[in-house]
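The sequence shown: position 737 = 763 (the numbering used here), numbered continuously.
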Amino acid sequence: RISGGCFSEVSPFPAYPLPDGVDVYHQSDLEQLADEAAVYLLGRLAETGRVRVTTADGRWARNFYLPPADAALEGKIVQFYGGATYSSNVYRATAEGPTRNDVLNNGDVVTYVNVGGEWRSSRDGPHNAYVYGHGFWTARVGAVFVQPGMALEFAHDGKVGVLSRPYVGGASELLLHTIDLGLLTPPRDAFEIQKDLSAHREYFETVPVAKLTVTQYEPLHLTEVMMPWGELYTGFEPTEGDVYTGNMREYTAKRLVALGIDLANFGVHDSSGMTESLISPVAAISVHMAVGAYQNGVIVHGLSGGRNKATLVTSLGNEFSHELGHNYGLGHWVGGAARSIHRPADEPGSTWGWDTRYNQFVPNFAPADSGKEQCLSENGPPECVPAWDGKYEYGRDSMAGGEPMWSNRYTMYTPHVSRKIQDYFEGKAVFSTSSRTGFRKMDAATKRMDEWAHPEGKAPRAHGVPVTTIVGYCDPEGELASYVFPALHGSFGFVYASDGASATTSGCELLVETTSAGTHRFALRGARVTSGAMNKFHVNVARADGAHTATVRCGGAVQAARGLLAPHADVTLQTTVNGEVWSSPPMPPTVPPAPPPTPPPPSPPCDCSESERLLEWVAGTGSLNDGQLAGSADDCCAMCTEHGECVAWTYSPGEGRCWLKDNGDGGYSKLGRISGGCFSEVSPFPAYPLPDGVDVYHQSDLEQLADEAAVYLLGRLAETGRVRVTTADGRWARNFYLPPADAALEGKIVQFYDGATYSSNVFRATAEGP
Numbered sequence: 027r028i029s030g031g032c033f034s035e036v037s038p039f040p041a042y043p044l045p046d047g048v049d050v051y052h053q054s055d056l057e058q059l060a061d062e063a064a065v066y067l068l069g070r071l072a073e074t075g076r077v078r079v080t081t082a083d084g085r086w087a088r089n090f091y092l093p094p095a096d097a098a099l100e101g102k103i104v105q106f107y108g109g110a111t112y113s114s115n116v117y118r119a120t121a122e123g124p125t126r127n128d129v130l131n132n133g134d135v136v137t138y139v140n141v142g143g144e145w146r147s148s149r150d151g152p153h154n155a156y157v158y159g160h161g162f163w164t165a166r167v168g169a170v171f172v173q174p175g176m177a178l179e180f181a182h183d184g185k186v187g188v189l190s191r192p193y194v195g196g197a198s199e200l201l202l203h204t205i206d207l208g209l210l211t212p213p214r215d216a217f218e219i220q221k222d223l224s225a226h227r228e229y230f231e232t233v234p235v236a237k238l239t240v241t242q243y244e245p246l247h248l249t250e251v252m253m254p255w256g257e258l259y260t261g262f263e264p265t266e267g268d269v270y271t272g273n274m275r276e277y278t279a280k281r282l283v284a285l286g287i288d289l290a291n292f293g294v295h296d297s298s299g300m301t302e303s304l305i306s307p308v309a310a311i312s313v314h315m316a317v318g319a320y321q322n323g324v325i326v327h328g329l330s331g332g333r334n335k336a337t338l339v340t341s342l343g344n345e346f347s348h349e350l351g352h353n354y355g356l357g358h359w360v361g362g363a364a365r366s367i368h369r370p371a372d373e374p375g376s377t378w379g380w381d382t383r384y385n386q387f388v389p390n391f392a393p394a395d396s397g398k399e400q401c402l403s404e405n406g407p408p409e410c411v412p413a414w415d416g417k418y419e420y421g422r423d424s425m426a427g428g429e430p431m432w433s434n435r436y437t438m439y440t441p442h443v444s445r446k447i448q449d450y451f452e453g454k455a456v457f458s459t460s461s462r463t464g465f466r467k468m469d470a471a472t473k474r475m476d477e478w479a480h481p482e483g484k485a486p487r488a489h490g491v492p493v494t495t496i497v498g499y500c501d502p503e504g505e506l507a508s509y510v511f512p513a514l515h516g517s518f519g520f521v522y523a524s525d526g527a528s529a530t531t532s533g534c535e536l537l538v539e540t541t542s543a544g545t546h547r548f549a550l551r552g553a554r555v556t557s558g559a560m561n562k563f564h565v566n567v568a569r570a571d572g573a574h575t576a577t578v579r580c581g582g583a584v585q586a587a588r589g590l591l592a593p594h595a596d597v598t599l600q601t602t603v604n605g606e607v608w609s610s611p612p613m614p615p616t617v618p619p620a621p622p623p624t625p626p627p628p629s630p631p632c633d634c635s636e637s638e639r640l641l642e643w644v645a646g647t648g649s650l651n652d653g654q655l656a657g658s659a660d661d662c663c664a665m666c667t668e669h670g671e672c673v674a675w676t677y678s679p680g681e682g683r684c685w686l687k688d689n690g691d692g693g694y695s696k697l698g699r700i701s702g703g704c705f706s707e708v709s710p711f712p713a714y715p716l717p718d719g720v721d722v723y724h725q726s727d728l729e730q731l732a733d734e735a736a737v738y739l740l741g742r743l744a745e746t747g748r749v750r751v752t753t754a755d756g757r758w759a760r761n762f763y764l765p766p767a768d769a770a771l772e773g774k775i776v777q778f779y780d781g782a783t784y785s786s787n788v789f790r791a792t793a794e795g796p
């Protein structure tokens with residue numbers, strides 16, 4: 027054809043349907059387009075240079091790949107039409123290097139033309155005409171610096187500005203356990219997030235957490251299902267089910283398996299078989315797919331979330347974002363229509379997302395030019411936000427019917443909802459290997475992740491190891507048939523010490539026999555939690571232990587037992603952290619319960635010889651007197667020896683006074699004191715505040731401590747050998763340096779107290795050099 031006249035600029039992207047194209051729509055052909063080398067697609071392009079790819083329900087693939095960049099492909103065209111309910115991804119290499127993907131949703135048409143060897147998309151052109159903002163700087167800030175009290179200093183062209191104390195929340199974490207369940211029918215094998223690990227990174231980029239851990243359990247096909255009231259289902263459940271209802275959905279998938287995984291990882295052994303009132307106080311959600319055989323057929327469950335669990339039909343798309351949102355305490359239309367619609371940049375409540383893979387912003391409006399305004403109504407006239415630039419419809423929040431719009435397959439929450447989610451996470455504990463208690467939680471006042479104690483004083487003995495989770499029912503009254511379900515094998519979990527024989531004699535217990543760690547005994551309740559129903563139990567053992575038999579026993583009588591199958595050798599389970607595959611740490615050895623401690627021998631009488639005395643030290647606590655008069659340290663020591671409860675003493679020669687102590691723990695440095703007695707090992711570090719120290723707290727003095735040679739600090743140490751350094755808001759320095767190593771400084775003490783919002787660094791040379 028030859029054309030001429032006064033027409034608009036010609037688009038290089040043909041309209042739909044692409045004329046003269048080779049059609050690709052059979053399922054077997056679509057699956058071949060998932061090849062990153064694109065061998066099949068290159069072959070079809072060689073026929074006419076044009077290929078039409080069409081998806082539909084029943085004819086679909088998750089991923090399509092365009093051929094790598096090649097100048098020989100100049101002018102070739104590939105057009106995609108999304109006719110399926112599920113979305114697809116179209117991947118193409120870019121000039122910048124990283125592969126880029128476009129999301130093909132239902133009803134979308136995306137056309138690719140090869141120009142100069144590169145694939146250009148029909149979506150590219152319009153969106154290259156705008157920018158997020160002008161005059162911006164870009165810099166990467168390491169996560170270690172993003173913490174409460176941080177400040178950002180900007181310097182440009184001789185001008186300096188400081189953004190002080192931006193709001194930074196706690197280092198929150200989210201743990202997602204995933205399992206595919208088949209209830210009297212095989213599992214669906216449609217758990218996309220277990221197969222496509224790149225989705226983990228995408229969801230991580232939509233939630234305000236420092237760490238997202240996603241684990242996998244083996245699929246589980248139950249051929250019989252016990253109910254907590256003692257009814258055993260085989261073949262099918264004799265009631266009708268639907269996406270929201272069914273006894274197996276509620277009591278097996280949600281309350282037994284999903285909550286069982288949650289509670290087992292928190293070290294809670296049993297709970298009511300009927301209710302879901304007990305959940306762990308960590309942000310851990312058991313995400314599961316469940317399909318069941320019912321009186322009215324095979325039913326897929328989903329569209330449900332809350333209380334540390336989510337039941338899904340599909341794990342890619344808004345259902346995932348929405349149902350996890352319910353776990354974060356969110357309802358529908360959070361903040362009303364005004365806060366459930368994304369906004370233009372000149373209005374409050376506006377933000378774009380960020381894609382770490384492509385290092386680019388994700389707009390908060392749709393890529394297609396529809397010209398539609400976005401409207402929501404809540405008990406009144408609708409509130410509308412006009413399309414951006416008159417073309418692109420703004421998105422909705424996940425809890426208000428939103429959907430993914432760009433490369434990320436999860437819905438971007440609005441800023442208002444994101445803050446609500448952050449508040450939820452900051453109220454939750456996190457597992458921590460650096461904490462003596464095994465947990466940490468943000469202190470709202472200090473904004474620090476402080477140690478937090480388990481309500482029962484438990485701490486995991488192993489963090490993040492492959493686990494076998496054992497669930498079932500126990501009837502302490504012995505009237506209903508207790509039951510052990512098949513073992514659940516997971517890629518990642520937390521393991522607690524078993525209780526031992528002495529802890530399980532008064533009620534019921536679960537015994538787990540292993541091939542390499544003996545028999546684990548877990549105490550279970552001796553009474554029903556809910557009248558008329560069994561209790562459910564849920565425990566983790568390390569997969570490395572090789573659990574092979576589980577037995578429920580009450581009052582010494584066996585109520586139920588099951589042989590446990592080993593993990594499937596052909597199933598690979600993976601864990602990701604922030605979208606990256608993670609390897610579990612080695613499992614610590616199982617330690618048998620310790621025997622009762624041997625009573626310590628009686629304390630020897632206090633030695634009053636001078637060799638057992640400490641100079642310039644106050645020893646012990648728990649004073650037995652207010653400082654009696656004594657003529658010498660020997661007299662003070664004799665007074666302690668004669669007193670039946672005294673274990674340590676302190677004498678002041680200047681005052682002629684003697685203090686007797688009934689506790690030898692602790693102590694601190696103090697000039698003009700002599701101590702002795704039977705006290706614990708003395709710490710060389712004086713308590714705060716350091717007595718008799720020279721104070722350094724003026725801003726001008728603090729700034730002199732930033733000298734690596736420490737000239738000023740050496741001068742102050744020469745006065746008394748003790749220096750107290752105190753910071754505060756308005757009196758602060760970023761870095762302090764201790765003097766270089768020198769034997770002449772033996773016994774010198776420097777004590778720092780941080781009273782400022784901002785943190786400081788104290789540098790010191792070590793024997794190793796740095």
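Every residue gets a Cβ at the ideal spot worked out from N, C-alpha and C, and that includes glycine.
**Asked** Taking the C-alpha atoms as reference points, what is the distance between P412 and M425?
**Response** 20 Å
**Asked** At which residue ranges does the segment 112-200 contain complete beta strand (DSSP E) runs of 3 or more residues, listed in the order of the chain?
**Response** 114-119, 125-130, 135-141, 144-147, 177-182, 185-190
**Request:** Return the chain-ordered ranges of every beta strand (DSSP E) run that is complete within the segment 381-460 and spans a minimum of 3 residues.
**Result:** 386-388, 391-395, 400-402, 409-411, 418-420
**Request:** Note down the Cα distance separating G361 from H442, rounded to an integer number of angstroms.
**Result:** 8 Å
**Request:** From the DSSP output, in three-state form, read off E539 for me.
**Result:** strand
**Message:** Considering only the alpha carbon of each residue, which of K687, H358, G682, M315 lies closest to T667?
**Reply:** K687
**Item:** Backbone CA spacing between T575 and N566 [nearest angstrom]
**Value:** 14 Å
**Prompt:** Quick one: any contact between the segment 453-470 and the segment 393-406, if contact means 3 or more CB pairs under 8 Å?
**Reply:** no
**Request:** Can you grab the Cα-Cα spacing for the pair F39 / V251, in whole Å?
**Result:** 56 Å
**Request:** Give the DSSP-derived three-state secondary structure of W348 in the structure shown.
**Result:** Checking the sequence, you will find His at residue 348 rather than Trp. Of the three classes helix, strand and coil, the one that applies to H348 here is helix, per DSSP.
**Span of the alpha helix (DSSP H) around H226** = 224-230
**Item:** Extent of the continuous alpha helix (DSSP H) run through N566
**Value:** Run containing N566: none in the alpha helix (DSSP H); it sits in the beta strand (DSSP E), 561-568.
**Asked** Looking at C-beta atoms only, is the number of pairs between the segment 232-241 and the segment 314-333 that lie closer than 8 Å three or more?
**Response** no
**Prompt:** Who are W608's beta bridge partners in DSSP?
**Reply:** T601
**Message:** Could you tell me the alpha carbon to alpha carbon distance between A336 and V135, rounded to whole angstroms?
**Reply:** 32 Å
**Request:** Output the boundary residues of the beta strand (DSSP E) element that contains A82.
**Result:** 76-82
**Prompt:** Apart from the five residues just before and just after L178, which ones in its own chain have a Cβ nearer than 6 Å to its Cβ?
**Reply:** L189
**Item:** DSSP state of N787 mapped onto helix, strand, coil
**Value:** strand
**Request:** Would you identify the three-state DSSP class for S54, choosing helix, strand or coil?
**Result:** helix
**Item:** Where F262 falls, given that 16 or more other Cβ within 10 Å makes a residue buried
**Value:** buried
**Prompt:** First and last residue of the alpha helix (DSSP H) that includes T463?
**Reply:** Unbroken run through T463: none, as it is neither H nor E.
**Message:** Could you compute how far the alpha carbon of V491 sits from the alpha carbon of H327?
**Reply:** 30 Å
**Request:** Kindly indicate which residue of T137, G101, K102 has the alpha-carbon position closest to the one of V116.
**Result:** T137
**Message:** Distance check for D395 and Y156, CA to CA, integer angstroms please.
**Reply:** 14 Å
**Request:** For the alpha helix (DSSP H) containing S726, list its first residue and its last residue.
**Result:** 725-730
**Exposed unless 16 or more other CB atoms sit within 10 angstroms - verdict on P611** = exposed
**Asked** Does DSSP put A363 in a helix, a strand or coil?
**Response** helix
**Item:** 6 Å CB neighbourhood of T260 in its chain, flanking five on each side removed
**Value:** E250
**Prompt:** Using a Cβ-Cβ cut-off of 7 Å (strictly less than) and excluding sequence neighbours within five positions of L641, which residues of its own chain qualify?
**Reply:** I700
**Request:** Go through its chain and collect everything with a Cβ distance to C662's Cβ below 7 Å, but skip five positions before and after it.
**Result:** A656, W675, Y677, C684
**Prompt:** Of the residues V749, W608, H564, which one's Cα is nearest the Cα of V294?
**Reply:** H564
**Item:** Nearest-angstrom Cα separation, counted from N651 out to E535
**Value:** 52 Å
**Asked** What three-state label does DSSP hand L285 in the structure shown?
**Response** helix
**Request:** Put R748 into one of helix, strand or coil per three-state DSSP.
**Result:** strand
**Prompt:** What three-state label does DSSP hand K774 in the structure shown?
**Reply:** coil
**Item:** C-alpha distance - K102 paired with P43, whole-angstrom precision
**Value:** 16 Å
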